[in-house]
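The structure under discussion appears below in the form of structure tokens.
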Amino acid sequence: MTEETLLALDSYIQKHYAHEDRVLREILSRSEAAGLRNIQLSPAQAKLLHLLVKVHGAKRILEVGTLGGYSGTWLARALPEDGKLITLEIDPHAAQVARENFAAAGLSEKVQLIEGDAIQTMKGLLGQGTFDFVFIDGHKSQYPEYYEFTMRMVRPGSLIVLDNVVQQGKVLDSSLRDIHHRKVRELNAFIGVDPRVEAIMVPTFTAKGLDGFLVVRVK
Ligand code: DHB
Ligand code: MG
């Protein structure tokens, strides 16, 4: 199978199952115009998270790493009327763009964006209710810390999804010693034997290449 086939398949899936409406397209163009990095989820990846939120019946979602609010919009749209997304972003510029994007999507009521270091914010959120669904997509070097704080904010049955756990297949290469690959590789191995959860890696192929989600259910 060629990369060309995989790219065509991603387009095919998007066309039939992950249509972007005008609001989502405008979120992307606003993000691009503001100079944000083009590293948000693909439509098909975002649709999968959207469905997981709905199937799970999640009412309280935490997202680590808002960027321009593209994934946040797909997540918040899956929530019921009284649902809430709390999303964390360290970059003030991205946070400002995301606030505009959530407002344009009519989601300002449902979404609370907290600007600042995610670990510090998560410390402050401890004891303020649990989350049904957590999406971790922040700095890869901090994944183990995000995961441990998340474990203190969830309940049995909660779902945790981590983005970028395959990294073009680089997680297979233990000779790569840089912190981003190393921390993700270590966490992948850790969660696989973590008695508190059951989990599976879901490889994804998008226009940005091979990557994957780690889907984790709290026991
Ligand atoms: C990067 C971060 C992401 O969350 C992603 O999905 C792709 C790339 C990065 O920091 O390079
Ligand atoms: Mg990501």
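For reference, each letter of the sequence shown is one residue, going 42 to 260 in my numbering. Cβ atoms here follow ideal geometry from the backbone N, Cα and C, with glycine treated the same way. On a predicted model such as this, the values are computed, not experimentally measured, just so you know.
Query	Result
Close-in-space but distant-in-sequence residues of the same chain around L251 (CB under 7 angstroms, 5 per side omitted)	V207, Q209, G210, P244
Selection from Y188, G253, S182, Y187 that minimises the alpha carbon distance to D219	S182
In DSSP terms, what M242 is bridged to	L255
Residue from H180, G98, H91 with nearest C-alpha to G198	G98
C-beta atoms of I68 and G109 nearer than 8 angstroms	yes
Residues whose Cβ lies closer than 6 angstroms to any heavy atom of the ligand DHB, in chain order	I80, D178, D204, N205
Bridge-paired residues (DSSP) for G250	T247
Three-state class that DSSP yields for I201 in the structure shown	strand
Cross-strand partners of A172 (DSSP beta bridge)	Checking the sequence, you will find Phe at residue 172 rather than Ala. Beta-bridge pairing links F172 to V195.
Endpoints, the beta strand (DSSP E) within which T128 is located	125-130
Cα-Cα separation, V256 to K56	25 angstroms
Span separating the alpha-carbon of A136 from that of T107	7 angstroms
Secondary structure of I160, DSSP reduced to three states	helix
First and last residue of the uninterrupted beta strand (DSSP E) at E104	101-105
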